[in-house]
Amino acid sequence: MLYQPSLEASYDQCLKCHACTVNCPISSVSTEFGGPKQLGPELQRMTQNQGILDDASIELCTLCGTCDRTCPENIHVSSLTAYLKETHAEEVGTKFRDIVLSKAEWVGKLASTFAPVTNATMKLKPARKVMEWIMEIPAERNFPEYRFNNFKRKYKIKESTTERKVAYFAGCYATYNAPDVADSFVKVMEYNGIEVAVPKQNCCGVPMFANGQMKAGKKNAQSNIDSFLSYVDQGYDVVMTCSSCTLAMKKEYPGYMQTEEAQRLAENVYDADEYLRILYEKGELNDSLSALNDKAAYYAPCHMKGQGIGNPAMDMLELIPGYQIEDMAAGCCGQCGTFGFKKEKYSYSMALGDTMVDSKSMAESDYVVTECGMCKNQFDQLTDKEVRHPIQVLRQSYELN
Amino acid sequence: MEIFETEVAVIGGGMTGVGVLRDLALRGVNAVLIEQFDLGHGTSTRNHGLLHSGGRYAVKDKEAAVESYQENLILKKTVPGSIEETGGLFVKVPDDPDDYVEKWVNACNTIGIPIEEVPLQIAFAEEPYLNRKAEVVYRIPDGAVDPFTMLVDVTADAVEKGARVLTYHEVTHIETTNAQVSYITVKDRYTGEEKQIHTKLVVNAAGPWSANIAKLANVPMKIINNKGMLTVLNNRINKQVINRLRMPGDADIFVPAHNVTIFGTTGINVEHPDDTSLQREEFEHMIMKGKDLIPTLPQIRMIRAFSGSRPLFQETESSDASGRNVTRGMALLDHEQRDGLKGFITITSGKLTTFRYMAEKTVDLVCEKLGITSNCQTAEVAVPHREAKQALENINLTPVAKKKLFSWAGVNASSIKANLLKDNSIVCECESVTWAEIESALPEKGQFNLGDIRRRTRLGMGPCQGTFCYRRAAAMAVEKGVATSDEAEIALQNGVEKRSKGMRVIATGSANKQLELMDGINYVSLGMKKGGETYV
Ligand SMILES: Cc1cc2nc3c(=O)[nH]c(=O)nc-3n(C[C@H](O)[C@H](O)[C@H](O)COP(=O)(O)OP(=O)(O)OC[C@H]3O[C@@H](n4cnc5c(N)ncnc54)[C@H](O)[C@@H]3O)c2cc1C
Ligand code: SF4
Ligand code: SF4
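Just so you know, the protein sequences line up as chains R and B, in that order.
Take 11 as the starting number for the first sequence in this note's numbering and just add one per residue.
Take 43 as the starting number for the second sequence in this note's numbering and just add one per residue.
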């Protein structure tokens, strides 16, 4: 389990070592940004009992959580920056665009209802120009496609009848944009004799936190906690395929909510490959995986690194006979959820993408493997590589049998 | 040897001395102040920074309480830039005697100190760290005073009005002819050069060193130096001053000061005025006692500790063992009357809060001696405020650094603004100090000294205690031609050693890690020498 310091006690422990700022992706491309040390522990200290202070540069923080994972004192720095985002949003009001972007679920529902139209519109130059003009979303920016046949529409099982029980949190991306990831997850679990239940769920809240909508995000968090905890109480394990949603449940919920419930849920949440790796270690994994002679490059999303569970996707994919996979060992992709969709952040987003684009292992690969749909969007923008979710690759290997 | 003349020479650049200097300047009396190190080398920067409202002395020392309350009101008006009107609480916790509360309430009412009982729930909401077992809480108009800025501002105003100040000059000799002071000799600490200052009157405002100065003039005098320890909490844990509602004792006051809280204190008599040693046992004793008001105190991170001595004047040679029962009211000695030496006056004891009143009484006596008729103006004429929001509203700086400057820059706003246009880098991140502030705090001549800069800008006062910013400041000073690399190197060694002394005594938990990081960076990674050359 991740170490969960309490919000208040933690910033006090800052040793001013600068590790967080040195590693913050945004600090590496922007001098405007105060950086995690300044906008986290330092600002807290300098405003405690002296009133609040808004710092507009907090808009640049992507909540990637790199600061949390680099801090030697285990300070939950990004909780502090998330709260500062809220202060800022309250101080200056939230842009219409940011409200739209923060409501991934609402946008997803709407867009997938009109999926063919939405996707066509997003490819239309004049429509994108209008979006750039009204919404400040750059016309050059690639947008994930929306699927009419979304996962929610198709998969209705709410209770599992198998011995091992998995409650699946799909997240907005696998629900509305990439239902194939959700389908693949269900299939892979099936191959392992597990029936997947899909409890009532809302957007995990990450896009809201990132846009300063702390209250709305916490509302979603609470409803997800209530819904999934009732499954946990019946012996279910909560398993997820989106790295950002997973990290939110593992780390952000306990950090922001500060409740025992959030903590208890966090202790029962697993990344899909992490979960499969546990099955493997216990000797419960269905190991009839067929050979795949692919050469893949693995890209670790920030929110995967933040979970501190090593590299479960590669651990699993390496079990496939003949499969070659290499870690790209790249930095932040620069899409950073809703961040990269914003006009004023577009140049940073592009600059950040560099380490990823320059990767040698990617150049030599057949395709890229990553868990995060937003990172995929950046690959789609900057490269012509195909991008797959690890669970899709595993499914392919099982199905070849 | 330089020889010059002045009407009055004031010895000691503490709050008392600079108060006397400004009062003299406002009355048009020509005066020079001599300080052996930087302003505030003594007790005036080594105290709690509590602007008393008289509550602490109400029961025991009515006179001191009255003086404190009057001065509290006057200083809020006349030195507004250095005072935060935080208000204060007096809190009775279990085991504090019940009858003291009644005595205290009656005493405050008699003296006229406005007090108001605070419902416990409100007190807890205002001060979440306060002991939930507190039984009685009263509100009182205490304040927090920044002794660093107050010293600098009062001095600057005196200089502006014609006074002269010699810092880093030690008074080494007092010449008397026919039972009258004729001149004093002072020695420049940097160059070793001597100066002779011919004067009709010397005011001895040397605080804990007053007896030494008296000795230079062959006047017998007994001062008890009562050393008190204080610690700096990592954060500002309280909004207002928190005092304990009982007979004054150890470790019973928490004063908010900018981004920190100052907690203390103790009282131990020491022989030498230079004794600022710090003992671990004393610190632990304080934490144990302080827990009564703030139960989580042992878990709260500290930045450092420091100590200073209360100069307590004793008319008889018989020493009081505890030091606490000697009056804290001031001692103004007319040595002509007392010892038959003309042209020599001592002003000592007292408090930071009553410095202006002490100065007024002293200068009244000075004027009487010099045959000058001029009324004191310091109760009405204010020193310039530090507020500078308008002047700096549009500067390009991080919001937190801007916020500091808005209540800090004061009369320096335009020079800081000009400096910021050239370079807006932040040197000290813990306290958001810019290079621009450092530049405008540098003395026109004299050596590059990080301590002097710290006292004027808060450089290095935060949790890292100069680990990063002292080095940055020294490097920038060399780069910008403000200091030679030798000067910068010595300044750095001295600065770091002084900072770590205060850290070492409290070093547990995070504070210890911070110290280890500091030592590791300086002595291991960067190969800095320990115990480097000291230049003063
Ligand atoms: C622990 C503690 C806490 C306190 N808390 C408070 C408080 O909260 N509120 C309050 O109102 N008061 C407080 N006080 C009291 C207050 O700090 C002192 O009364 C006051 O600062 C004394 O100022 P001073 O100018 O008389 O002495 P100092 O500040 O000591 O000044 C004397 C100066 O004389 C200089 N000097 C000495 N010898 C020579 C020489 N030979 N040549 C040239 N210069 C020389 C010294 O370097 C020194 O700077 C506290 C005191 C202590 C010790
Ligand atoms: S969350 Fe990411 S972008 Fe934000 S401060 Fe931390 S490291 Fe930087
Ligand atoms: S990494 Fe942690 S300890 Fe180091 S500066 Fe950042 S918050 Fe402080």
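Ideal placement from N, C-alpha and C gives every residue a C-beta, glycine not left out.
- For Asn285/B, the enclosing beta strand (DSSP E) covers residues Val283 to Arg286.
- Put simply, of Lys464/B, Ile310/B, Tyr111/B and Glu529/B the residue whose alpha carbon is nearest the alpha carbon of Phe397/B is Tyr111/B.
- By the neighbour-count definition (other C-beta atoms within 10 Å, threshold 16), Ile345/B is a buried residue.
- A distance criterion of 6 angstroms places the beta-carbon of Val547/B beyond contact range of ligand 1, judged by its closest non-hydrogen atom.
- For His215/B, the enclosing beta strand (DSSP E) covers residues His211 to Thr218.
- In chain order, Met56 make up the part of chain R whose C-beta sits under 7 angstroms from the C-beta of Ser474/B.
- Around the beta carbon of Ser86/B, 16 or more other beta carbons sit within 10 angstroms, so the residue counts as buried.
- As summarised for the stretch 146-184 of chain R, the continuous beta strand (DSSP E) elements at least 3 residues long and confined to that stretch are 175-179, given in chain order.
- Along the stretch 326-364 of chain B, the beta strand (DSSP E) occurs as fully enclosed runs of 3 or more residues at 344-356, listed in sequence order.
- Taking C-beta atoms as the reference points, Pro353/B and Ile265/B count as a pair closer than 7 angstroms.
- Inter-segment contact for the stretch 237-254 of chain R and the stretch 49-69 of chain R is absent: fewer than three beta-carbon pairs are separated by less than 8 angstroms.
- Pairing Thr415/B with Cys409/B, the inter-Cα distance amounts to about 7 angstroms.
- Of the candidates Asp243/R, Asp22/R, Cys214/R and Thr31/R, Asp243/R places its Cα closest to the Cα of Lys175/R.
- Under the criterion of beta carbons closer than 8 angstroms, Val206/R and Val196/R qualify as touching, at roughly 5 angstroms.
- The C-beta of Asp22/R comes closer than 7 angstroms to at least one C-beta of chain B.
- Ranked by Cα distance from Lys260/R, the options Pro217/R, Gly347/R and Val279/R are led by Val279/R.
- Rounded to the nearest whole angstrom, the CA to CA distance from Thr128/B to Ile216/B is 44 angstroms.
- What Asn277/B touches in chain R, judged by beta-carbon distance under 7 angstroms, is Asp22, Arg55 and Gln58, going in chain order.
- Remark: the C-beta of Ser88/R is in contact range of ligand 2, defined as less than 6 angstroms to any heavy atom.
- A direct Cα-Cα distance of roughly 12 angstroms separates Cys312/R from Cys252/R.
- Under the three-pair Cβ rule at 8 angstroms, the stretch 190-205 of chain B counts as touching the stretch 61-69 of chain B.
- Each residue's CA atom was taken as its position, placing Leu362/R and Ala205/B some 59 angstroms apart.
- Shown in chain order are the members of the stretch 288-300 of chain B whose Cβ falls below 7 angstroms from a Cβ of chain R: Pro298.
- Listed along chain B, the residues sitting closer than 7 angstroms to Gly44/R by beta-carbon distance are Thr440.
- Around the beta carbon of Asp64/R, fewer than 16 other beta carbons sit within 10 angstroms, so the residue counts as exposed.
- In this structure, Asn285/B is the residue among Ile53/B, Asn285/B, Thr219/B and Asn268/B with its C-alpha nearest to the C-alpha of Asp334/B.
- Fewer than three beta-carbon pairs drawn from the stretch 420-429 of chain B and the stretch 130-139 of chain B are found closer than 8 angstroms, and the two stretches are therefore not classed as touching.
- With a cut-off of 6 angstroms, the C-beta of Leu73/R is classified as near ligand 2, since at least one heavy atom of the ligand falls inside that distance.
- When the five nearest sequence neighbours on each side are left out, the beta carbons in the same chain lying within less than 8 angstroms of the beta carbon of His28/R are those of Lys47, in order along the chain.
- Under the 8 angstroms Cβ criterion, the stretch 43-61 of chain B does not count as touching the stretch 390-410 of chain R, having fewer than three qualifying pairs.
- Just measuring C-alpha positions, the residue of Cys385/R, Leu49/R, Lys113/R and Asn411/R sitting nearest Gln223/R is Lys113/R.
- Counting only runs of at least 3 residues, the stretch 347-399 of chain R fully encloses the following beta strand (DSSP E) elements, listed from N- to C-terminal order: 377-379.
- A distance criterion of 6 angstroms places the beta-carbon of His215/B beyond contact range of ligand 1, judged by its closest non-hydrogen atom.
- Residue pairing by DSSP places Ser391/B opposite Met372/B in a beta bridge.
- Taking 6 angstroms as the cut-off, one finds no heavy atom of ligand 2 near enough to the beta carbon of Thr380/R.
- With a contact defined as Cβ atoms closer than 8 angstroms, Thr273/B and Gly306/B qualify at about 7 angstroms.
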